[in-house]
Every structure is written in C-alpha cells, then in structure tokens.
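The listed protein sequences derive, respectively, from chains A and B. Under our numbering, the letters of the first sequence match residues 610 to 811, in that order. Under our numbering, the letters of the second sequence match residues 14 to 297, in that order. Built from N, CA and C at the ideal position, the CB exists for glycine as well. This one's a predicted model, so the numbers in the text were calculated from it and none came from an experiment. Quick notes on the structure that follows.
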Amino acid sequence: MKQHTFLGAVVGAMICSATAWAVEPGEPAPAFTVKNTKGEEVSLSDYKGKVVVLEWINYECPYVKKHYGSGNIPKLQENYKGKGVVWLSVNSAAEGQQGYLAGSELAARSEKEGNKASQIVLDTDGTVGKAYGAKTTPQLVVIDKEGKVAYNGAIDSKDTTDVADIETADSYISMALDSVLSGKTVEKAKTKPYGCGVKYAK
Amino acid sequence: MSENRWRSRRIGYLLAPMKLPILMATALPLFSNVFAGVKSGHAEAELLSGVSSFQVGKPVPLGIRLKFDPGWHGYWINPGEAGMPLSAKWTLPEGWKAGELRHPVPKSFKTGELSGFGYEGEAVYLVDLVPPAGASDAAECRVKLSWLTCNDSACVPGDVELSLTLPAGDGSPGKAADVLAAAEKKIPAAPGEEVSLNVKEAGDAVTLQISAPESLDLTGVKAYPATPQTLADTAELVFTRTNGTWTAEVPKNEYAEGPITLLDIVLDGGKLSAPLSVSWRAKK
Numbered sequence: 610m611k612q613h614t615f616l617g618a619v620v621g622a623m624i625c626s627a628t629a630w631a632v633e634p635g636e637p638a639p640a641f642t643v644k645n646t647k648g649e650e651v652s653l654s655d656y657k658g659k660v661v662v663l664e665w666i667n668y669e670c671p672y673v674k675k676h677y678g679s680g681n682i683p684k685l686q687e688n689y690k691g692k693g694v695v696w697l698s699v700n701s702a703a704e705g706q707q708g709y710l711a712g713s714e715l716a717a718r719s720e721k722e723g724n725k726a727s728q729i730v731l732d733t734d735g736t737v738g739k740a741y742g743a744k745t746t747p748q749l750v751v752i753d754k755e756g757k758v759a760y761n762g763a764i765d766s767k768d769t770t771d772v773a774d775i776e777t778a779d780s781y782i783s784m785a786l787d788s789v790l791s792g793k794t795v796e797k798a799k800t801k802p803y804g805c806g807v808k809y810a811k
Numbered sequence: 014m015s016e017n018r019w020r021s022r023r024i025g026y027l028l029a030p031m032k033l034p035i036l037m038a039t040a041l042p043l044f045s046n047v048f049a050g051v052k053s054g055h056a057e058a059e060l061l062s063g064v065s066s067f068q069v070g071k072p073v074p075l076g077i078r079l080k081f082d083p084g085w086h087g088y089w090i091n092p093g094e095a096g097m098p099l100s101a102k103w104t105l106p107e108g109w110k111a112g113e114l115r116h117p118v119p120k121s122f123k124t125g126e127l128s129g130f131g132y133e134g135e136a137v138y139l140v141d142l143v144p145p146a147g148a149s150d151a152a153e154c155r156v157k158l159s160w161l162t163c164n165d166s167a168c169v170p171g172d173v174e175l176s177l178t179l180p181a182g183d184g185s186p187g188k189a190a191d192v193l194a195a196a197e198k199k200i201p202a203a204p205g206e207e208v209s210l211n212v213k214e215a216g217d218a219v220t221l222q223i224s225a226p227e228s229l230d231l232t233g234v235k236a237y238p239a240t241p242q243t244l245a246d247t248a249e250l251v252f253t254r255t256n257g258t259w260t261a262e263v264p265k266n267e268y269a270e271g272p273i274t275l276l277d278i279v280l281d282g283g284k285l286s287a288p289l290s291v292s293w294r295a296k297k
C-alpha cells in the first residue's frame with residue numbers, strides 16, 4: 610500500500626511535462642492503473658513477471674494509419690502475444706482532442722483497424738503518457754520481466770507516412786522485443802519517436 | 014466564364030511575353046493550367062522553372078512552391094521534435110541529375126507540446142537540375158512530392174506528382190525567374206571564409222562558437238540547427254559576443270547517438286542582410 614502511494618507521488622510529479630520527465634531505459638517502469646474499453650481496471654502490476662509493450666494510438670494520425678492500414682502493428686501484436694508478451698494499446702488523447710474515443714467507440718474502432726492488442730486502455734487524463742514521456746503516436750515502450758523500461762521510442766527507423774518504407778525500415782520494436790525475450794541487452798534502447806503529437810489536454 | 018475560354022486566356026497572357034514554346038506544367042491525373050498549384054491535404058504545390066529552355070553546361074534552376082492552408086504548417090529539413098521534411102523524388106530523362114533540395118529559412122513554432130521548425134503561408138524550395146552533355150531532346154522532368162502539414166489538432170500528409178517539360182535552347186530566364194530570385198534571398202548561403210563555427214561538447218552541454226570579423230553582428234539573430242537530432246529542439250539558440258567570438262550554449266539532443274561529428278546552423282534576421290548557413294565538421 611505504502612509503495613503504491615510512493616509510486617503514485619512519483620507519477621504525479623512526472624505529470625509536469627512529457628519531455629522533462631521521460632522515463633529512461635534502465636529505470637523502473639512507472640506503475641499505473643487505467644480502464645480498458647470495457648471499463649475494467651487494468652494495472653501494470655497485473656502483468657508482473659511478463660514482458661509488456663505500451664503502444665500509443667490515435668487512429669486519425671497518418672503515421673498510425675501507416676502502421677495499421679498496412680497491417681504492420683496488428684502483425685506485431687499477434688506475433689509477440691504468441692511469445693507471451695502483453696501488448697497494451699494506450700489512448701492518451703484528452704476528451705475533445707483528436708483521436709479521443711469513449712470506451713465502446715474505441716473498442717469498435719480498434720476492431721475495425723484490426724488492433725489485436727491484449728488490452729486497449731484509456732489514459733484520458735494523460736497520466737500514463739506523461740509518466741512514460743509519450744510524445745507521439747505511435748510511440749512504443751517495452752517493459753522487461755523485471756519491470757524495467759527496456760525500450761522507449763519509435764516503432765522503426767523510417768520517419769515517414771509512407772507504407773512502402775515499412776519493409777525496408779529497421780523494426781526497432783521487433784529488435785527490442787527479440788532482445789528482451791532472449792535475455793540480451795537491447796542495443797538501441799532509446800530512439801527518437803516519430804508520429805503526431807499525443808493530444809494531451811490543453 | 015467557360016473552362017476553355019479561361020484556359021486560353023491564361024495561355025495567351027503567358028505567350029505574349031515569351032514567344033517561346035510553352036512551359037507545360039502538368040499534374041496527374043488531372044491536366045492543370047500552366048503554373049497552377051495542385052492541392053493535396055492542406056497545401057498546394059507548384060513546380061516552377063527559372064528558365065524557358067535548358068542549355069547543356071548550365072544548371073536548370075527549378076522551384077517547388079508550397080502554399081499552406083491558413084492555420085497549418087509544413088516542416089524544415091530539421092523538423093524538430095515531430096513532423097516530416099518535404100521529400101522530392103525525381104524522374105528525369107537519361108543522364109539528367111537533380112541536385113540537393115535547398116530549404117528556405119524556417120521559423121520555430123509549437124505543435125501542441127512539441128517544438129518544431131518549418132513554414133506557414135508559403136515556402137519556395139530551390140533545386141538545380143543538370144542536363145548531360147549532348148542533351149537535345151525536350152526534357153520531361155517529373156517529381157513526386159510528399160509532405161506533412163499539422164496544426165495543434167491534427168496532421169495531414171500531402172502527395173502530388175508534378176512535371177514540366179523544357180525544350181533545349183539558350184537557357185534564358187522564364188516567367189518564374191522573379192519568383193525564384195525572391196526565393197533565393199530566403200535560402201541561407203555559406204558565409205565567406207572568415208566566418209567559422211566550432212562545436213565543443215561537455216557531457217550533455219554543447220558550446221557553439223562562431224568566429225567572425227568585427228563587422229558581423231549576430232545580435233538578435235535567430236539561429237536554427239539544420240542537422241536533425243543533434244541539438245535539443247526545444248532550446249533557443251542565443252549567441253552572445255565574448256572576446257571576439259559569438260557563443261551559444263545549448264543542451265545536446267536527447268536522441269543524439271555518440272559524439273557530434275557534424276553540425277549546420279542557419280542564422281537569420283537581426284542585422285544580417287541575408288540568411289547564413291555555418292557548418293562544422295569534426296576533424297578526422
């Protein structure tokens with residue numbers, strides 16, 4: 610209980626600015642509790658001992674469209690879920706901002722986009738986004754089995770909206786997950802994320 | 014006015030001063046009138062030629078003019094924390110080469126919480142094409158443009174394919190020569206040899222030093238890092254004169270990989286008569 614409060618305070622302090630307090634690879638992944646599209650509570654602690662992916666989404670963003678329209682992210686979700694990874698799609702858009710969808714609408718839209726995440730969660734007050742330094746959609750975070758951030762950054766190496774670039778890009782998320790799953794150090798643990806700005810409350 | 018009368022009126026206006034074969038600007042899949050922009054997303058793009066014909070041995074000056082819808086901005090070669098620079102992919106006749114795209118001086122802005130560099134209103138990029146020796150056929154030059162425009166709420170990409178055809182000739186100025194000349198003034202130029210940039214790092218702090226003659230006054234100048242992911246995009250570069258050199262301190266970009274080996278800085282405004290680009294390369 611005490612530990613939760615302490616972490617809560619740390620997370621609270623991190624709300625100040627998405628960029629100033631971005632959690633660095635190697636640091637403990639900030640705890641959180643959010644609600645999924647069905648209104649059920651989801652906590653990071655539910656997945657203790659597992660590899661967890663946090664993926665920031667905004668289906669209206671051309672960069673997210675690149676990776677869903679092509680099936681790239683759904684394929685990654687299926688592939689790594691099959692290897693025991695827990696994949697959480699996070700929507701940190703504030704109400705009234707682009708990309709915001711209420712629970713059932715977010716579920717329906719996610720289904721339409723082919724989203725295969727383990728959970729789709731709403732972070733409408735932006736707490737989780739700011740704790741992890743989520744600047745763009747997409748942005749990917751990998752949390753290892755010890756609960757430390759192993760990767761935080763871009764989905765891949767080609768910072769464009771062109772689907773044709775996926776094939777020839779280095780898939781940073783795949784590289785990070787493959788390393789974590791085989792107990793190796795992630796070579797590129799931090800990369801500049803690319804995408805549309807996360808639409809936090811103004 | 015009917016479509017056809019409008020079209021012939023536009024062409025007539027152009028033919029009068031030119032007396033040379035018409036410069037055709039076509040955009041797929043629609044035919045568009047000479048010098049008409051093609052809209053995609055929240056910007057309109059136009060391909061302009063500074064000459065009405067090409068001459069082997071002389072570069073062919075072209076311009077790409079982007080007009081952004083009000084409230085939307087496009088991005089510079091270093092777009093900042095997010096955004097995407099203009100991409101131009103050329104399809105040229107055999108042996109023709111396209112030079113580097115030259116970006117006009119940007120302004121800095123924020124897109125939501127993210128700092129960026131780019132353009133509002135209009136931006137004209139310049140590029141030189143080089144015809145090969147012996148080229149004599151009319152040359153169709155095509156370019157695929159991709160860009161991103163954003164406002165605080167959304168980002169929308171743009172994609173167009175533009176082309177123009179130039180006959181061989183004496184390479185004399187064409188109708189868009191004035192537009193290109195005005196655009197040239199907004200493109201940073203390398204300063205004389207007497208101006209140099211030095212870069213030193215200490216941990217996460219980067220010190221920039223510009224050595225310049227007494228006559229160069231950088232008071233009030235806006236400085237922008239043209240090299241992506243090198244200096245913190247959120248920091249303002251302010252140069253102050255200390256002991257004959259102009260110095261600025263700025264944090265290193267959090268995504269920089271390894272020591273900085275190259276850096277280009279664009280300087281604009283203040284007392285400068287024209288924008289400058291100063292470069293530093295690490296000694297090998």
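From B:Phe67, B:Ala56, B:Val64, B:Ser66, residue whose alpha carbon lies closest to that of Gly85 (chain B): Residue numbering aside, residue 85 (chain B) sits at position 72 when the second sequence is read from its first letter. The question names Gly, but residue 85 (chain B) in the sequence shown is Trp. With distances taken between Cα atoms, Trp85 (chain B) lies closest to B:Ala56.
CA-to-CA distance, Lys644 (chain A) to Val118 (chain B), given in whole angstroms: Along the second sequence, read from residue 1 onward, the residue named residue 118 (chain B) stands at position 105. Along the first sequence, read from residue 1 onward, the residue named residue 644 (chain A) stands at position 35. Cα-Cα distance, rounded: 46 Å.
Extent of the continuous beta strand (DSSP E) run through Pro264 (chain B): The count along the second sequence starts at 1 and reaches residue 264 (chain B) at position 251. Taken as a continuous stretch (DSSP letters only), the beta strand (DSSP E) holding Pro264 (chain B) covers 258 to 264.
Where the segment 704 to 716 of chain A meets chain B: residues whose CB sits under 8 Å from a CB there: Gln706, Gln707
Euclidean distance between Cα positions of Ala743 (chain A) and Gln706 (chain A): Here residue 743 (chain A) refers to the residue found at position 134 when the first sequence is read from its first residue. Here residue 706 (chain A) refers to the residue found at position 97 when the first sequence is read from its first residue. The straight-line gap from Cα to Cα measures roughly 16 Å.
Backbone CA spacing between Ala759 (chain A) and Thr255 (chain B) [nearest angstrom]: For the purposes of this step, residue 759 (chain A) is identified with residue 150 of the first sequence, where counting begins at 1. For the purposes of this step, residue 255 (chain B) is identified with residue 242 of the second sequence, where counting begins at 1. Going by the C-alpha atoms only, they are around 43 Å apart.
Proximity test, Cβ basis, 8 Å: Asn17 (chain B) and chain A: Taking the first residue of the second sequence as 1, we reach residue 17 (chain B) at position 4. Interpretation of Asn17 (chain B) is limited by its pLDDT of 48, a score under 50 that renders its predicted location unreliable; the figure taken from the coordinates is listed afterwards. It does not; no Cβ of chain A falls within 8 Å.
Chain A residues whose Cβ lies nearer than 9 Å to that of Ala239 (chain B): If you number the second sequence from 1, residue 239 (chain B) lands on position 226. Chain A residues near Ala239 (chain B): none, gap ~16 Å exceeds 9 Å.
Length-filtered (4 minimum) alpha helix (DSSP H) runs lying within the segment 74 to 104 of chain B: none
Three or more C-beta pairs below 8 Å linking the segment 714 to 733 of chain A and the segment 768 to 786 of chain A: no
Simplified DSSP assignment, three categories, for Met14 (chain B): Taking the first residue of the second sequence as 1, we reach residue 14 (chain B) at position 1. The predicted position of Met14 (chain B) is uncertain, since its pLDDT is 46 and thus under 50; no value can be drawn from it.
Extent of the continuous alpha helix (DSSP H) run through Glu722 (chain A): Counting from one through the first sequence, the residue named residue 722 (chain A) turns up at place 113. From DSSP, the alpha helix (DSSP H) with Glu722 (chain A) extends over 712 to 722.
Euclidean distance between Cα positions of Val64 (chain B) and Gly129 (chain B): Indexing the second sequence from 1 puts residue 64 (chain B) at position 51. Indexing the second sequence from 1 puts residue 129 (chain B) at position 116. Whole-angstrom Cα-Cα distance: 34 Å.
Beta carbon proximity, Asn268 (chain B) to chain A, threshold 8 Å: Mapped onto the second sequence, residue 268 (chain B) falls at position 255. In the sequence as displayed, the identity of residue 268 (chain B) is Tyr instead of Asn. Answer yes: the Cβ-Cβ gap between Tyr268 (chain B) and chain A drops below 8 Å somewhere.
Neighbouring residues, chain B, relative to Asp771 (chain A) (Cβ below 8 Å): Your numbering for residue 771 (chain A) matches position 162 in the first sequence. Near Asp771 (chain A) (Cβ distances below 8 Å), the residues of chain B are Ser159.
Per-residue contacts from Gly131 (chain B) into chain A (C-beta, under 8 Å): On the second sequence, residue 131 (chain B) is found 118 positions in, with the first residue counted as 1. Those within 8 Å of Gly131 (chain B) in chain A number zero; the least Cβ separation is about 14 Å.
Neighbour flag for Gly593 (chain A) against chain B, beta carbons, 8 Å: As shown, chain A starts at 610 and ends at 811. That puts residue 593 (chain A) outside it, with no answer to give.
Closer than 8 Å to chain B by CB, Thr800 (chain A): Locating residue 800 (chain A) in the first sequence gives position 191, where the first residue counts as 1. Chain B, which has a Cβ nearer than 8 Å to the Cβ of Thr800 (chain A), makes this yes.
Assigned secondary structure, Lys647 (chain A) (DSSP; H/G/I helix, E/B strand, else coil): On the first sequence, residue 647 (chain A) is found 38 positions in, with the first residue counted as 1. Coil at Lys647 (chain A), not helix or strand.
For Val673 (chain A), the three-state DSSP class (helix, strand or coil): By one-based count along the first sequence, residue 673 (chain A) stands at place 64. Of the three classes helix, strand and coil, the one that applies to Val673 (chain A) here is helix, per DSSP.
Nearest neighbour of Ala239 (chain B), chosen from B:Ala58, B:His116, B:Leu99 [CA to CA]: Against the second sequence, residue 239 (chain B) aligns to sequence position 226. Among B:Ala58, B:His116, B:Leu99, the Cα nearest to that of Ala239 (chain B) belongs to B:His116.
Close-in-space but distant-in-sequence residues of the same chain around Asp246 (chain B) (CB under 8 Å, 5 per side omitted): Taking the first residue of the second sequence as position 1, residue 246 (chain B) is located at position 233. Here the set comprises Asn91, Gly93, Glu94, Ser128, Gly129, Phe130, Pro238, Asn266.
Which of helix, strand or coil DSSP assigns to Ala656 (chain A): Residue numbering aside, residue 656 (chain A) sits at position 47 when the first sequence is read from its first letter. Inspection of the sequence shows that residue 656 (chain A) is occupied by Tyr rather than by Ala. Helix.
6 Å Cβ shell around Ser121 (chain B) - same chain, five flanking residues per side excluded: In the second sequence, residue 121 (chain B) corresponds to position 108, counting from 1. Cβ neighbours of Ser121 (chain B) beyond the five flanking positions: Phe130.
C-beta contact flag for Val660 (chain A) and Val751 (chain A) at 8 Å: Counted from its first residue, the first sequence places residue 660 (chain A) at position 51. Counted from its first residue, the first sequence places residue 751 (chain A) at position 142. Contact: yes.
Inter-residue Cα distance where the pair is Lys674 (chain A) and Trp160 (chain B): On the first sequence, position 65 is the one that residue 674 (chain A) refers to. On the second sequence, position 147 is the one that residue 160 (chain B) refers to. One C-alpha to the other measures close to 16 Å.
DSSP state of Asp191 (chain B) mapped onto helix, strand, coil: Position 178 of the second sequence holds residue 191 (chain B). Three-state DSSP puts Asp191 (chain B) in a helix.
Limits of the alpha helix (DSSP H) - the one that Asp787 (chain A) falls within: Against the first sequence, residue 787 (chain A) aligns to sequence position 178. Where Asp787 (chain A) is concerned, the enclosing alpha helix (DSSP H) stretches over 781 to 790.
Straight-line gap, Glu687 (chain A) to Ser679 (chain A) (C-alpha atoms, nearest Å): As a first step, residue 687 (chain A) must be located in the first sequence, where it is residue number 78. As a first step, residue 679 (chain A) must be located in the first sequence, where it is residue number 70. Answer to the nearest angstrom: the Cα atoms are 14 Å apart.
Cβ neighbours of Ile273 (chain B) in the same chain (closer than 8 Å, five flanking residues each side left out): Within the second sequence, the letter at position 260 stands for residue 273 (chain B). Once the five neighbours on either side are set aside, the close Cβ partners of Ile273 (chain B) are Val212, Glu214, Val219, Thr243, Lys265, Ala295.
Straight-line gap, Leu221 (chain B) to Glu262 (chain B) (C-alpha atoms, nearest Å): Here residue 221 (chain B) refers to the residue found at position 208 of the second sequence. Here residue 262 (chain B) refers to the residue found at position 249 of the second sequence. Cα-Cα distance, rounded: 6 Å.
Residue nearest to Thr258 (chain B) in terms of C-alpha spacing, selected from B:Ala248, B:Asp277, B:Thr232: Counted from its first residue, the second sequence places residue 258 (chain B) at position 245. Considering only alpha carbons, the answer is B:Thr232.
Local Cβ density within 10 Å of Val69 (chain B), reported as buried at 16 or more and exposed below that: Your numbering for residue 69 (chain B) matches position 56 in the second sequence. It is exposed - the Cβ of Val69 (chain B) has fewer than 16 other Cβ atoms within 10 Å.
Inter-residue Cα distance where the pair is Gly712 (chain A) and Gly648 (chain A): For the purposes of this step, residue 712 (chain A) is taken as the residue at position 103 of the first sequence. For the purposes of this step, residue 648 (chain A) is taken as the residue at position 39 of the first sequence. Using only the alpha carbons, I get a separation of about 7 Å.
Per-residue contacts from Gln242 (chain B) into chain A (C-beta, under 8 Å): For the purposes of this step, residue 242 (chain B) is taken as the residue at position 229 of the second sequence. Those are Lys801, listed as they occur along chain A.
Straight-line gap, Tyr689 (chain A) to Glu126 (chain B) (C-alpha atoms, nearest Å): Within the first sequence, the letter at position 80 stands for residue 689 (chain A). Within the second sequence, the letter at position 113 stands for residue 126 (chain B). The straight-line gap from Cα to Cα measures roughly 32 Å.
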